[in-house]
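So the number in our numbering is just where the residue sits in the sequence shown, counting from 1, plus 2.
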Amino acid sequence: MGDLPDWLEARVEDNQTRARTACAAVLRHFSVANGLFAEEIPPSPKTKPYSYNWPFGALWTAVLAVATLRGALGEGARGTLAALRQAARAYWDERPGRVPGYSSYVVAAGGGDRFYDDNVWMGLNHLRDARLGGEDAAIAQAQKTWDFVWSGWDEQLGGGIYWCEQKPISKNTCCSGPAAVLALLLYEATGETDYLNQARELYEWTVKTLRDPADGLYWDNVRVEGGAIEKTKWSYNTGTPIAAGVLLHRHTGQSSYLAEARASAVEAAKHFAPDGLYSDSPWFHSVLFRGLALLATAVGDDAHLQAVQRSVDQAWAVARDDRDLVYPDWRHGNGVGGRLTLLNAAPFAEVTALLATLDGR
Numbered sequence: 003m004g005d006l007p008d009w010l011e012a013r014v015e016d017n018q019t020r021a022r023t024a025c026a027a028v029l030r031h032f033s034v035a036n037g038l039f040a041e042e043i044p045p046s047p048k049t050k051p052y053s054y055n056w057p058f059g060a061l062w063t064a065v066l067a068v069a070t071l072r073g074a075l076g077e078g079a080r081g082t083l084a085a086l087r088q089a090a091r092a093y094w095d096e097r098p099g100r101v102p103g104y105s106s107y108v109v110a111a112g113g114g115d116r117f118y119d120d121n122v123w124m125g126l127n128h129l130r131d132a133r134l135g136g137e138d139a140a141i142a143q144a145q146k147t148w149d150f151v152w153s154g155w156d157e158q159l160g161g162g163i164y165w166c167e168q169k170p171i172s173k174n175t176c177c178s179g180p181a182a183v184l185a186l187l188l189y190e191a192t193g194e195t196d197y198l199n200q201a202r203e204l205y206e207w208t209v210k211t212l213r214d215p216a217d218g219l220y221w222d223n224v225r226v227e228g229g230a231i232e233k234t235k236w237s238y239n240t241g242t243p244i245a246a247g248v249l250l251h252r253h254t255g256q257s258s259y260l261a262e263a264r265a266s267a268v269e270a271a272k273h274f275a276p277d278g279l280y281s282d283s284p285w286f287h288s289v290l291f292r293g294l295a296l297l298a299t300a301v302g303d304d305a306h307l308q309a310v311q312r313s314v315d316q317a318w319a320v321a322r323d324d325r326d327l328v329y330p331d332w333r334h335g336n337g338v339g340g341r342l343t344l345l346n347a348a349p350f351a352e353v354t355a356l357l358a359t360l361d362g363r
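This is the structure in structure tokens:
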């Protein structure tokens with residue numbers, strides 16, 4: 003947990019209260035049978051009965067973030083963690099003949115393809131759970147998840163991790179970037195240097211292959227066949243290399259890692275919040291904000307977080323419904339009261355808890 007600058011300390015009560023309220027609302031309104039959660043509310047006719055792994059992982063991240071709040075503010079979230087661990091097991095696929103890992107959908111309900119990025123987010127959640135004093139097996143489960151993630155690395159295109167086990171057609175920043183973060187946090191948790199070495203490989207491949215040299219932001223993916231780069235820039239794809247750069251600097255002392263993180267943070271603010279507000283795609287932005295929080299605690303530069311605070315203030319004012327669910331258009335509040343996905347509902351609680359703690363891990 004990072005020390006808060008004075009201006010964030012002055013907002014800590016607001017941020018804690020909003021985080022707790024929003025988290026409780028999502029848990030209440032998205033809960034369905036068997037201890038699992040809905041993909042969206044109200045469901046459309048073709049919606050499956052349970053959420054996919056990605057939205058579930060986003061919810062778990064949000065609850066873990068709120069659970070870091072001290073005392074009674076985090077008590078409600080902490081009380082749900084055992085149930086969320088059990089829910090996570092519904093996605094764990096250890097059928098014979100392949101490396102165990104998380105499926106994209108509930109295994110007992112048919113399962114689905116296995117995405118390496120889904121598994122990274124789940125591995126990070128296990129480590130967050132471990133830091134909160136969770137079950138003894140949390141680190142071990144993070145390591146098992148890592149084994150699946152690392153099985154997606156090969157030397158095609160010089161390295162990198164594929165996006166999907168069943169569709170090995172591209173290598174994506176959304177896999178290799180957060181995988182570097184997971185490896186670094188496993189190194190912190192275990193002291194095993196293989197994780198540090200793998201993190202370096204992942205980070206350096208991602209910088210070399212998918213970082214735009216013009217602005218330090220990151221492209222989406224590179225196609226295995228032909229090497230064409232898909233140059234869309236999503237905020238989360240810059241957030242994870244920022245986080246990895248901060249952590250690599252912490253553990254190696256190499257200044258270039260921190261310099262790259264700082265340069266990317268400056269350009270991210272220009273690109274994703276040119277007028278000082280982050281708007282739609284809240285889950286993508288939440289991953290960027292984790293990197294910015296780690297950078298702020300590392301170098302004492304919290305200026306990038308001021309736009310984050312303005313954005314959640316705006317969202318609370320215009321994008322919240324009477325159930326305390328926050329909709330994804332944080333700028334204008336369009337769509338409030340309509341259909342809402344779990345992936346879009348969960349991040350507000352995480353981000354406000356992050357502003358109250360600056361724990362970007």
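Glycine residues also receive a C-beta, built at the ideal position from the N, C-alpha and C atoms.
First and last residue of the beta strand (DSSP E) that includes residue i?
{"i": "R116", "result": "R116 -> no beta strand (DSSP E), and no H or E assigned at all."}
Which partner residues does residue i have in the DSSP bridge list?
{"i": "G103", "result": "D95"}
{"i": "W155", "result": "I163"}
{"i": "S172", "result": "R225"}
{"i": "E42", "result": "T343"}
{"i": "Y220", "result": "R213"}
{"i": "V328", "result": "R322"}
{"i": "E232", "result": "N223"}
{"i": "S281", "result": "For S281, which the question treats as bridged, DSSP gives no partner whatsoever."}
{"i": "S33", "result": "F39"}
What does the alpha-carbon distance come out to for the pair residue i and residue j?
{"i": "S33", "j": "S53", "result": "10 Å"}
{"i": "D115", "j": "V301", "result": "40 Å"}
{"i": "P349", "j": "T82", "result": "17 Å"}
{"i": "A92", "j": "V108", "result": "5 Å"}
{"i": "L356", "j": "A267", "result": "17 Å"}
{"i": "A420", "j": "H334", "result": "As displayed, the chain neither begins before 3 nor continues past 363, which places residue 420 out of reach and without an answer."}
{"i": "G160", "j": "N346", "result": "35 Å"}
{"i": "Y238", "j": "A74", "result": "31 Å"}
{"i": "T195", "j": "E77", "result": "35 Å"}
{"i": "A111", "j": "L38", "result": "12 Å"}
{"i": "L296", "j": "V183", "result": "11 Å"}
{"i": "W148", "j": "Q158", "result": "20 Å"}
Closest to residue i by C-alpha separation, out of the options, would be which residue?
{"i": "P276", "options": "R202, H306 and W148", "result": "H306"}
{"i": "A181", "options": "W207, K169 and Q168", "result": "W207"}
{"i": "G228", "options": "K173, N17 and T240", "result": "K173"}
{"i": "L126", "options": "R292, E269, L250 and F274", "result": "R292"}
{"i": "A89", "options": "A317, E167, A142 and H128", "result": "H128"}
{"i": "C177", "options": "Q168, V183, L186 and I163", "result": "I163"}
{"i": "L290", "options": "S313, L75, W236 and R341", "result": "W236"}
{"i": "D16", "options": "P51, V338, V314 and V328", "result": "V314"}
{"i": "F286", "options": "G340, T299, P57 and N199", "result": "P57"}
{"i": "I224", "options": "E42, K50, A216 and T234", "result": "This sequence places Val at residue 224; Ile is not what is there. It is T234."}
{"i": "D120", "options": "A201, S257 and F150", "result": "F150"}
Run the proximity test for residue i: is its beta-carbon closer than 7 Å to any non-hydrogen atom belonging to the ligand ZN?
{"i": "A35", "result": "With respect to the ligand ZN, the structure shown offers nothing to examine, as it has no ligands at all."}
So residue i is in the alpha helix (DSSP H); what residue range does that whole segment cover?
{"i": "P243", "result": "S237 to T254"}
{"i": "P284", "result": "P284 to V301"}
{"i": "K272", "result": "S257 to F274"}
Between residue i and chain D, is the shortest Cβ-Cβ distance under 8 Å, so that the two count as touching?
{"i": "P7", "result": "In the structure shown, chain D does not exist; there is a single protein chain."}
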